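Chemist: Okay, here's the structure, questions in a sec.
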Amino acid sequence: MKIDARNLTCPKPVVLTLEALPKLAPGESLQVLVNDSVAEGNLTRLADEKDCELGVERSGKDVTLTFSPRGEVAASEAAATEAAAFCNVPDRTSAVVAVDTDSMGRGSEELGHILMKGLIYALAHQDQVPDTMLFYNGGARLTCEGSESLEDIRELESRGTKVLTCGTCLDFYGIRDKLAVGGVTNLYAIAQIVAARPGVTVL
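Mapping of the sequence shown onto my numbering: residues 351 to 553, in sequence order.
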């Protein structure tokens, strides 16, 4: 049996694994494909707790974890609840950061680019990172190829920040095919995210 849990945030990879393990036939193994270190660590703890031999194969960013139960694995009555015990979620605040430009502040545009790059770098190296970052209008350029902030935004994403870029903005600037980090969203989804949070920080 095989599960593709790439790009799924905790606890989803653990929930899927908990649901699949009891369904294995005697001697059968379960392969779970992930592509981030957090999911790998959570699943490694799960394998130990469920008394499974664990094989690990790496191919680029993809990691295949092979669970081989040593005995019968009991079905979980509440997989989502049980999964929480195995999830080491990266520290992050519930904050939403909205980025509507690739240049910070008024005055010198050159200085503004330097400031924006420095601020995103600083955000990526805080003890707690934002829950979500929204990129729209000129800010959409920051998540695309050629952006000097790409590596820092990828670091934020790897630590649990959800990175979303406005699709309308990408299309307007003709850079949808250049998107290099995060996902594409729309104004309706952005409105839902903003409405669900007590405060949004606009850079």
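For every residue, glycine included, the Cβ atom is placed at its ideal position computed from N, Cα and C.
Predicted model only: the values in this text are computed from it and were never measured.
Alpha carbons only, please: which of L484, S379 and Y471 is nearest the one belonging to T518?
Modeler: Of L484, S379 and Y471, the residue nearest in Cα terms is L484.
Chemist: How about T511 and V534: do their beta carbons lie closer than 8 Å?
Modeler: Going by C-beta atoms, T511 is not nearer than 8 Å to V534.
Chemist: Starting from M454 and walking both ways along the beta strand (DSSP E), at which residues does that stretch end?
Modeler: Segment: none, M454 is in no beta strand (DSSP E) and carries neither H nor E.
Chemist: Which residue marks the beginning of the beta strand (DSSP E) containing C402, and which one marks its end?
Modeler: From DSSP, the beta strand (DSSP E) with C402 extends over C402 to S409.
Chemist: What's the gap between the Cα of F436 and the Cα of C402?
Modeler: Straight-line Cα distance between these residues: approximately 15 Å.
Chemist: Of the residues D477, E507 and S499, which one's Cα is nearest the Cα of T359?
Modeler: Of D477, E507 and S499, the residue nearest in Cα terms is E507.
Chemist: Compare the C-alpha of L404 against each of E390, K411 and G410 and name the closest.
Modeler: Considering only alpha carbons, the answer is E390.
Chemist: State yes or no: is the C-beta of L371 within less than 8 Å of the C-beta of V423?
Modeler: Yes, they are a contact pair.
Chemist: Could you have a look at T394 and say whether DSSP puts it in helix, strand or coil?
Modeler: Residue state, collapsed to three classes: helix.
Chemist: So T551 and A448 are in contact, right, with Cβ under 8 Å, and what is the actual spacing, rounded?
Modeler: At roughly 7 Å, the Cβ-Cβ gap stays under 8 Å, so T551 and A448 are in contact.
Chemist: Sort D354, G496 and V531 by Cα distance to V513 and report the nearest one.
Modeler: Ranking D354, G496 and V531 by Cα distance to V513 puts V531 first.
Chemist: When you compare only the Cα positions, how much space is there between N385 and P361?
Modeler: Approximately 14 Å, taken between the alpha carbons.
Chemist: My output table needs one value for S387: the three-state DSSP class, helix, strand or coil.
Modeler: If DSSP states are grouped into helix, strand and coil, S387 belongs with the helices.
Chemist: Take D450 and list the residues in its own chain whose beta-carbon comes closer than 7 Å to its own, dropping the five residues that flank it on each side.
Modeler: Around D450: Y486, N487, G488, G489 and V552.
Chemist: Identify whether C360 lies in helix, strand or coil by the three-state DSSP scheme.
Modeler: Coil at C360, not helix or strand.
Chemist: In terms of residue numbering, what span does the alpha helix (DSSP H) encompassing L465 cover?
Modeler: Looking at the DSSP string, the run of the alpha helix (DSSP H) that includes L465 is E459 to A474.
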